[in-house]
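Residue numbers (the numbering used here), protein chains in the order written: chain A, 47 to 200; chain B, 15 to 293; chain C, 3 to 668; chain D, 3 to 268.
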Amino acid sequence: MSNSNEFEPKIIAFVCNWCTYAGADLTGTSRLKYATNVKIVRFPCTGRIDFLLLLKSFAQGADGVIVSGCHPNDCHYTSGNFHARRRWIAFRTVLDLMGVDIRRIQYSWVSAAEGSKWADLVNNTVADIRALGPYTEYQKVADYLEKEGFDEEA
Amino acid sequence: MKIGYYPGCSLTGSSREYNESVVALAKVLEIELVEIKDWNCCGATAAHVMNEELSLSLPARIMAIAEEQGLSEVVVPCAACYNRLKMTQHDLEDDAKRTRVVEVLKMPYQGSLKIINVLQMLEAYGSENIKARVTHPFAHKVACYYGCLLVRPHSILQFDRVEDPQSMDSLIRVIGGNSLDWAFKTECCGAGFSVSRTDLVAKLSGNILKDASDRGAEALIVACPMCQSNLDMRRGAINKTLAQPIDIPVIYITQAIGMALGVGALELGLKRHFVNVEL
Amino acid sequence: MSKIGVFICHCGENISATVDVERVAREIGGMEGVAHAIDYKYMCSDPGQTFIKEAVKKYGLDGVVVGACSPRMHEPTFRRACAEAGLNPYLCEMANLREHCSWVHEKSEETTEKAIDLVKMLVEKVKKDKPLESIKVPVTKRALVIGGGIAGIQASLDIANTGHKVILIERDPSIGGHMSQLSETFPTLDCSQCILTPRMVEVAQHPNIKLYTYAELESLEGFIGNFKARIRLKAKSVNYSTCTGCGACIQKCPVKKIPSEFNAGLGTRTAIYVPFPQAVPNKPVIDRVNCNYYKRGACKICEKTCQVGSIEWDKEDEIITEEVGAVVLATGFDVKGADFFPEYGYGKFKDVLTGLQFERLASASGPTFGEIRRPSDGAIPKKIVFIACAGSRDPAKGIPYCSKICCMYTAKHAMLYQHKVHGGESTVFYMDIRAGGKNYEEFVRRAIEEDTVNYVRGRVARVYEKNGKLIVKGVDTLLGGQQVEIEADMVVLATAGVANCGSEQLAQKLHVSYDPYHFFAEAHPKLKPVETNTAGIFLAGACQAPKDIPETVGMASGAAVKVAALFSNDELVREPVVAVVNRLAPPLYSTCVGCFMCETACPYNAIEHEEIKGRDGSLIRTIARVNEGLCQGCGTCVAFCRSKSIDIQGYTNEQVYAEVMSLLND
Amino acid sequence: MKKLRERAAALLDEGAVSLVIGYEEGTKRPRPLFCRNSENAGKLIFDSRCFHNLAVYVTKKELVGKERFAVTAPISTLRSILQLYVENQLSEEKLLVLTVDLSGELVEFVTFEEISAYVAQFEMKRGEREQEMLTKIEGMTREERWKFWMGEMSHCFKCYACRSACPLCYCTKCVVEVNRPQWINPWPSPISNMEWHVNRAMHMVGRCTACGACGDACPVGIPIDLITRKMMEDLAPEFGFVPGQPAKQGNALSSWKLDDREQFIR
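Pasting the structure below:
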């Protein structure tokens with residue numbers, strides 16, 4: 047799939063149970079292939095996804111994050127994704143102000159019928175993150191005191 | 015009462031009587047009309063189908079000058095001009111368009127101007143005040159004809175009931191007239207074709223006149239120079255399309271009110287019509 | 003330390019073909035807290051499940067992870083297996099090795115490693131899992147049906163026939179709704195009243211149905227299985243227990259010129275009235291707005307004529323409270339009046355009617371006893387024009403949707419006209435003919451071919467009156483946009499079906515959502531057409547969107563079955579995936595500070611205010627509490643809570659945090 | 003000021019309130035005064051130097067006790083009080099709010115409605131410092147911003163003075179004290195510090211009234227108030243909220259619009 051010396055980004059996907067998780071299931075049942083870099087964490091609804099989790103992911107060495115749920119108006123809980131959307135707008139604003147690389151968080155709507163969209167989303171995101179390279183900028187600083195070896199330039 | 019005034023081309027040409035009657039009426043009602051300096055054509059009726067930028071810039075210039083002149087409110091008797099100015103104001107709420115137009119004009123444009131037609135001016139003046147000045151009650155059965163440009167598109171002009179306008183009718187009642195309930199109030203007179211397809215004009219205007227006279231109208235009351243000239247000047251052609259000729263005059267609301275207020279026929283330009291006004 | 007059992011499934015070849023399942027089992031087996039890890043060809047098979055059950059007992063497992071297909075597929079299976087082995091089912095989780103791994107990746111090192119990660123993730127989650135008990139909510143087996151039209155009638159009868167009690171409330175003095183106003187019904191042309199009135203009577207006599215006419219819902223509190231409905235019984239001014247319904251009072255009432263609602267304003271009624279002859283209950287009410295006595299304090303003629311002294315002048319509105327377990331909304335629809343159409347004369351032309359008015363003209367019980375006559379002069383119209391889509395499918399009018407029933411009833415109207423007025427000419431202006439339905443298209447064809455109704459495809463620009471005729475100016479788009487002008491004697495507008503007045507307020511009382519046109523919103527456009535987003539409240543008929551009688555009846559029965567299903571258990575059992583607000587020992591009681599941002603965020607109004615009182619009964623604090631009956635477990639509140647005081651079972655902060663960390667910490 | 007003192011004294015004497023929270027002269031700048039008897043009322047002052055946000059005290063039960071109390075509030079404090087009211091932390095029965103308007107007149111608010119009406123006439127403006135700093139930050143590239151903040155964050159030693167100074171940080175248990183899971187590492191380090199401040203910013207969305215108390219309180223002078231302020235400035239209008247004018251129901255994050263921005267969603 048990829049030659050060994052190439053950088054393999056570590057990506058976590060936070061998805062809702064009703065649309066995107068089911069969509070990813072469909073990707074499987076339709077045997078569509080995508081990169082192994084992405085691992086899915088299942089939530090009841092995008093409204094449940096805590097912004098701190100995204101933050102922690104980077105601190106713990108993720109190079110990218112996918113957040114995906116139901117399209118507007120399709121939310122199993124009617125408005126969870128609308129709440130989430132707002133939260134993300136705000137979250138992006140803070141992160142950007144703090145200088146965090148928000149290109150590393152890919153938001154998306156993937157419905158239970160969009161198996162192929164999920165595959166594309168994963169592959170595109172992996173490609174994007176690979177292009178951006180490892181998120182050392184963040185991890186270096188994160189390593190300071192969290193783990194040994196503080197690097198001055200951070 | 016002091017108010018800006020944009021006569022527009024027709025009122026200085028084919029429809030001088032409209033201009034005269036507006037001015038004369040304003041004098042009697044002690045409304046001071048401040049004509050916009052160095053005004054230009056509003057671009058009706060052709061510009062807006064040929065070239066958007068031009069069709070916006072022409073009216074914009076007029077309004078820009080008016081703003082420069084420190085006017086806040088401008089009365090536009092010609093329905094076509096009124097329509098173009100209002101439409102332009104609406105279109106120029108779009109920033110991109112406004113910036114472009116301002117570049118073209120090389121002068122500031124706020125879009126703060128209040129554009130009103132003659133009917134709105136008279137309504138603002140107050141029907142009671144008009145009633146108070148009536149000396150020769152206008153005791154006639156008439157059909158008020160609004161045409162297309164005065165009330166459409168309603169979403170932008172926001173003037174009167176679009177399918178069944180009432181403002182002119184109520185003014186007629188104020189001066190003691192009897193305004194008919196008829197069907198062709200807002201039908202098209204064919205103005206757009208007044209030069210190119212006179213046959214169509216004759217047909218369309220014919221329908222209007224016929225319905226009015228069938229219902230016993232002694233005159234048609236209008237507030238648009240296009241409609242007036244079509245219904246009046248083209249009468250010969252119109253009558254050819256009808257079983258029997260119709261000779262009811264087509265007079266401006268300002269003339270009608272003027273008559274009721276005892277303004278002379280000459281001042282009101284009543285002698286300029288093709289179909290004699292004998293009321 | 004936890005003792006977790008891990009079971010990796012080959013799914014035949016489906017997983018093992020690309021994932022080295024043995025290695026997965028091996029490596030996971032080495033994980034801290036994993037007591038037992040095996041792989042097997044078919045975990046979901048009986049032997050497979052037996053492995054799990056035995057392991058649970060043998061190793062005394064306190065958690066199980068099955069690495070197999072999607073949990074959406076087999077989670078229930080394996081949880082059941084664990085339960086049978088005596089392990090709390092909510093301590094069993096699934097790692098999705100098939101849909102999310104083996105099927106979407108080639109056979110490779112990475113694939114196997116991903117599989118391992120996925121299982122690890124769930125192992126970490128299971129470590130944080132808590133045993134959960136499914137939630138049981140008691141059910142009050144009594145239903146409230148709002149609206150006594152055909153939808154409400156059908157729903158009430160169906161529920162009542164399952165042996166459950168029903169409370170049916172109707173705003174008007176009689177049940178029957180719009181259907182009772184119709185003349186004949188498409189596509190069979192059988193008389194509406196003939197098929198409806200028996201049902202109305204059945205409702206009145208059914209031992210399980212308690213009928214409140216002239217009544218409206220005041221408020222609804224509670225949640226699925228446990229609603230409290232406050233109902234306003236409007237004062238009828240007539241004592242129904244003594245009234246015999248003889249009708250003498252109606253004969254004598256001096257106020258006779260009130261436009262009759264039942265006849266859509268074409269006929270008149272008296273101030274004390276029964277809306278129509280077949281009304282149920284067939285007893286009068288006094289319309290206090292128009293009654294001389296209530297207006298001027300004098301008259302009381304009805305009281306003098308009443309043999310049994312049933313008139314109650316000083317009767318007040320009464321508020322009663324009923325406990326119900328489910329609610330069926332069947333409030334129906336309304337039609338736009340002709341005055342909505344300036345181009346058709348703002349309703350000022352007497353002979354421009356709405357479809358509903360035409361129904362009354364065509365109805366044998368109508369003001370003209372079924373003869374088609376002009377309201378203006380009583381003449382029989384020689385030429386009639388029907389305008390379909392009057393308002394409907396017209397964004398400019400604010401009604402972009404199709405009212406669905408008009409195509410059919412317009413065809414019916416034209417047909418009825420042709421049958422009743424021989425030699426009459428009828429024209430229908432239409433946009434498209436939408437005759438989807440059993441025998442519908444055939445019906446329209448019949449109107450066109452056998453009854454020679456003239457169908458013109460095009461819109462009508464305006465209608466105006468000229469020497470006693472209605473001039474209809476339209477266009478025929480099939481004749482290249484040629485203008486058509488018809489001198490008609492009568493014009494019938496198939497005016498748009500719109501939400502019933504007050505539906506918005508009602509929706510707010512019930513906390514059900516509604517669409518931009520104030521029709522009530524179903525929970526899912528395809529799969530939950532009769533449910534609302536509020537558990538325990540169901541929809542029947544045209545209150546959800548315009549629909550015809552067969553559809554309405556079908557939907558009503560659907561709603562009834564949902565209610566019956568709900569009532570089939572004494573308790574509601576629900577997945578314990580709900581939010582909970584933490585509780586601590588005094589003096590903290592809870593870390594919740596009661597800012598109630600969760601309340602504003604919750605889509606289900608599941609957040610309640612809980613008052614914490616001291617021994618002396620003084621209020622110490624007010625904190626949030628989740629109503630388990632209402633909470634659907636989306637967890638939006640959890641992500642909102644600043645102090646992390648609210649958490650959601652099955653997806654707790656600890657669990658998801660552990661999952662994420664497991665993927666990264668290495 | 004004289005009127006204020008008299009009124010405060012009167013309120014205390016007639017027992018209308020048990021406590022008046024206000025300002026008195028301090029060594030360098032005015033400091034809060036907790037006035038429980040009319041003698042002390044004489045110490046009360048109220049002028050442009052009194053910007054310390056007193057709202058932080060009104061939610062401290064141990065301080066204000068059970069009886070009704072009063073607070074003399076400049077604009078910033080009034081805004082915070084409104085927000086606290088929206089969040090069900092205050093009741094009109096228990097709190098009497100006093101202020102001195104621009105004309106030097108003593109104003110007494112009985113209802114929160116009155117306060118919001120009063121506050122509405124003052125719009126939020128950036129001070130010189132904020133203007134300067136923010137233009138600087140807004141001018142930076144992302145990398146520069148990252149370096150800038152990491153530099154600042156490396157000074158933070160998690161004293162949580164920002165938290166104690168903020169009237170809206172009234173939680174009895176703060177997320178940083180939550181240890182199951184340990185969302186934010188308790189020790190100071192640039193990332194965990196940033197996590198804390200991002201977390202603060204997120205918790206303040208649609209709530210922050212930009213009083214600047216957090217910034218003032220920071221002993222090592224990290225301009226953290228700018229984070230919440232910038233958030234407020236950027237988001238409040240987009241979400242249809244007026245900065246400093248709390249919405250009656252919910253807040254920017256607990257509500258939503260169908261047409262909220264989503265170009266960033268793929």
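Built from N, CA and C at the ideal position, the CB exists for glycine as well.
| field | Unbroken beta strand (DSSP E) run spanning C/A145, endpoints | value | As a working note, residue 145 of chain C is residue 143 in the third sequence. Start and end: 144 to 148.
| message | Beta carbons nearer than 7 Å to chain D: which residues of the region 596 to 609 of chain C have them? | response | G596, C597, F598, M599, T602, A603
| said: Please classify D/C161 as buried or exposed, where buried requires at least 16 other C-beta atoms within 10 Å of its C-beta. | reply: The count along the fourth sequence starts at 1 and reaches residue 161 of chain D at position 159. D/C161 is exposed by the Cβ-count criterion.
| At a Cβ threshold of 9 Å, is D/V244 touching chain A? | As a working mapping, residue 244 of chain D is identified with position 242 in the fourth sequence. With 9 Å as the cut-off, D/V244 does not count as an interface residue toward chain A.
| How many angstroms separate the CA atom of C/V458 from the CA atom of C/L363? | As a position in the third sequence, residue 458 of chain C is number 456, starting the count at 1. As a position in the third sequence, residue 363 of chain C is number 361, starting the count at 1. Answer to the nearest angstrom: the Cα atoms are 24 Å apart.
| task | Could you pull out every residue in the same chain whose Cβ sits closer than 6 Å to the Cβ of C/K414, ignoring the five residues on either side in sequence? | result | For the purposes of this step, residue 414 of chain C is identified with residue 412 of the third sequence, where counting begins at 1. Counting only Cβ-Cβ distances below 6 Å, and skipping sequence neighbours, we find F188.
| query | In the region 187 to 219 of chain B, which residues sit with their C-beta less than 7 Å from some C-beta in chain C, listed in chain order? | reply | A197
| Name the residues in the region 252 to 264 of chain D whose C-beta lies less than 8 Å from a C-beta of chain C; which are they? | G252, N253, L255, S256, S257
| Between the region 192 to 221 of chain D and chain A, which residues of the former have CB atoms less than 9 Å from a CB of the latter, in chain order? | P192, I193, S194, M196, E197, H199, V200, N201, A203, M204, V207, G208
| request: Determine the chain D residues that contact C/R644 at a beta-carbon separation under 7 Å, and present them in chain order. | output: The count along the third sequence starts at 1 and reaches residue 644 of chain C at position 642. C173, V177, H205, listed in chain order.
| Rounded straight-line distance, which links the Cα of A/V140 to that of D/E197 | For this step, residue 197 of chain D is matched to residue 195 along the fourth sequence. For this step, residue 140 of chain A is matched to residue 94 along the first sequence. Distance between the alpha carbons of D/E197 and A/V140 is about 11 Å.
| message | Tell me the residue span of the beta strand (DSSP E) that contains C/N98. | response | Taking the first residue of the third sequence as 1, we reach residue 98 of chain C at position 96. 94 to 98 is the extent of the beta strand (DSSP E) around C/N98.
| said: Taking only three categories from DSSP, how would you classify A/S114? | reply: Locating residue 114 of chain A in the first sequence gives position 68, counting from the first residue. If DSSP states are grouped into helix, strand and coil, A/S114 belongs with the strands.
| In chain order, what residues of the region 228 to 241 of chain D put their CB closer than 8 Å to some CB of chain F? | No chain F is present in this structure, whose protein chains are A, B, C and D.
| said: For C/Y44 and C/K5, what's the separation of their Cα atoms in angstroms? | reply: Looking up residue 44 of chain C in the third sequence gives position 42. Looking up residue 5 of chain C in the third sequence gives position 3. Whole-angstrom Cα-Cα distance: 23 Å.
| query | DSSP state of C/E2, grouped into three classes? | reply | Only positions 3 to 668 of chain C appear in this structure, which leaves residue 2 of chain C out of reach.
| Are the Cβ atoms of A/R77 and C/I650 separated by less than 9 Å? | The residue labelled residue 77 of chain A in the question sits at position 31 within the first sequence. The residue labelled residue 650 of chain C in the question sits at position 648 within the third sequence. The answer is no: Cβ separation not under 9 Å.
| chain B residues whose Cβ lies nearer than 7 Å to that of C/P397 | Counted from its first residue, the third sequence places residue 397 of chain C at position 395. Within 7 Å Cβ-Cβ: nothing; C/P397 doesn't reach chain B, min ~12 Å.
| task | Within the same chain, show all residues whose beta-carbon is closer than 7 Å to that of C/S570, passing over the 5 residues directly before and after it, in chain order. | result | By one-based count along the third sequence, residue 570 of chain C stands at place 568. Hits under 7 Å: none found.
| request: Assign A/Y153 to one of three DSSP states: helix, strand, or coil. | output: Taking the first sequence and counting its residues from 1, one reaches residue 153 of chain A at position 107. Three-state result, A/Y153: strand.
| query | Any C-beta of chain C sitting closer than 9 Å to the C-beta of D/P183? | reply | One-based indexing of the fourth sequence puts residue 183 of chain D at position 181. Chain C, which has a Cβ nearer than 9 Å to the Cβ of D/P183, makes this yes.
| Do the region 323 to 330 of chain C and the region 224 to 236 of chain C make contact, defined as three or more Cβ pairs closer than 8 Å? | yes
| message | Quick check: what's the CA-CA separation for B/C56 versus B/L256? | response | In the second sequence, the residue the question calls residue 56 of chain B occupies position 42. In the second sequence, the residue the question calls residue 256 of chain B occupies position 242. Spanning the two alpha carbons is a distance of roughly 35 Å.
| Residues that DSSP places opposite C/P261 in a beta bridge | Along the third sequence, one-based indexing puts residue 261 of chain C at 259. Answer is C/T270, bridged to C/P261.
| said: Please report the distance separating the alpha-carbon of C/G357 from that of C/T497. | reply: In the third sequence, residue 357 of chain C corresponds to position 355, counting from 1. In the third sequence, residue 497 of chain C corresponds to position 495, counting from 1. Looking at the two C-alpha atoms, the distance is approximately 7 Å.
| If you draw a straight line from the alpha carbon of C/S620 to that of D/T113, how long is it in whole angstroms? | To locate residue 620 of chain C, count along the third sequence from 1; it is residue 618. To locate residue 113 of chain D, count along the fourth sequence from 1; it is residue 111. Taking the straight line joining both Cα atoms gives about 24 Å.
| Interface residues of chain C facing D/N90 [CB-CB closer than 8 Å] | Position 88 of the fourth sequence, counted from the start, is the residue given in the question as residue 90 of chain D. Those are G596, C597, F598, T624, listed as they occur along chain C.
| request: For B/N97, collect the residues of the same chain with a Cβ closer than 6 Å to its Cβ; drop the 5 residues on either side in sequence, then sort them by chain order. | output: Locating residue 97 of chain B in the second sequence gives position 83, where the first residue counts as 1. Once the five neighbours on either side are set aside, the close Cβ partners of B/N97 are L163.
| Limits of the unbroken beta strand (DSSP E) element including D/F71 | On the fourth sequence, residue 71 of chain D is found 69 positions in, with the first residue counted as 1. Looking at the DSSP string, the run of the beta strand (DSSP E) that includes D/F71 is 71 to 74.
| request: Identify every residue that forms a DSSP beta bridge with A/C62. | output: Residue 62 of chain A sits at position 16 when you count from the first residue of the first sequence. Answer is A/F89, bridged to A/C62.
| said: I need the DSSP call for C/H611, collapsed to helix, strand or coil. | reply: Within the third sequence, the letter at position 609 stands for residue 611 of chain C. If DSSP states are grouped into helix, strand and coil, C/H611 belongs with the strands.
| field | Extent of the continuous beta strand (DSSP E) run through C/C11 | value | For the purposes of this step, residue 11 of chain C is taken as residue 9 along the third sequence, with counting starting at 1. Unbroken beta strand (DSSP E) run through C/C11: 6 to 11.
| said: Could you check whether the Cβ of B/D225 sits closer than 9 Å to any Cβ belonging to chain C? | reply: Here residue 225 of chain B is taken as the residue at index 211 of the second sequence, counted from 1. Output row for B/D225: interface = yes.
| query | Quick one: which chain A residues come within Cβ less than 7 Å of C/D119? | reply | Position 117 of the third sequence, counted from the start, is the residue given in the question as residue 119 of chain C. Residues of chain A passing the Cβ test: K85.
| task | State the beta-bridge partners of C/A581 as determined by DSSP. | result | For the purposes of this step, residue 581 of chain C is identified with residue 579 of the third sequence, where counting begins at 1. Paired residue(s): C/I650.
| request: Run down chain C in chain order and give the residues with a C-beta less than 7 Å from the C-beta of B/D178. | output: In the second sequence, the residue the question calls residue 178 of chain B occupies position 164. Chain C residues near B/D178: P344, Y348.
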